[in-house]
Amino acid sequence: MEEGEVIAYVLIVAEVGREHEVKERVVSLARELNVRAEAHVVYGEYDVVVRVEAPSLRKVDRVVSAIRATPGVLRTITLIAAE
Numbered sequence: 753m754e755e756g757e758v759i760a761y762v763l764i765v766a767e768v769g770r771e772h773e774v775k776e777r778v779v780s781l782a783r784e785l786n787v788r789a790e791a792h793v794v795y796g797e798y799d800v801v802v803r804v805e806a807p808s809l810r811k812v813d814r815v816v817s818a819i820r821a822t823p824g825v826l827r828t829i830t831l832i833a834a835e
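With the working numbering applied, the sequence shown has no gaps in its numbers, which climb one by one up to 835 at the end.
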């Protein structure tokens, strides 16, 4: 992690059958917003986990807001890395 950079993990609950679509859209959104993101479809309570690296909390907020507005996303939880 670079100095001043913010890392966040976004846990996503997606509509059944739309997990891969949501994952691809989230990565595309991150690219559009000029932030690094890595997303994985996972098993368990959440369907997609996204790691976001952004220069500021404001940028993380923009990414999370875009994710929440994505069709197929039902719910999110965002975790900000402490270090």
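Quick reminder that beta carbons are idealized off the backbone N, C-alpha and C, glycines included.
- Distance from the Cα of A766 is smallest, within the candidate group I759, A760, E776, for E776.
- In the structure shown, the three-state DSSP call for E790 is strand.
- DSSP places E771 within a helical segment (H, G or I) once states are collapsed to three.
- Assigned with DSSP and collapsed to three states, E757 falls in coil, not helix or strand.
- Here the alpha carbons of H772 and V801 stand approximately 11 Å from one another.
- Within the same chain, Cβ atoms closer than 6 Å to the Cβ of L781 are found at A818, the five residues on either side in sequence being excluded.
- The C-beta distance from T828 to I759 rounds to 16 Å, too long to fall under 8 Å, and the pair is not in contact.
- If you draw a straight line from the Cα of L831 to the Cα of K811, it comes to about 14 Å.
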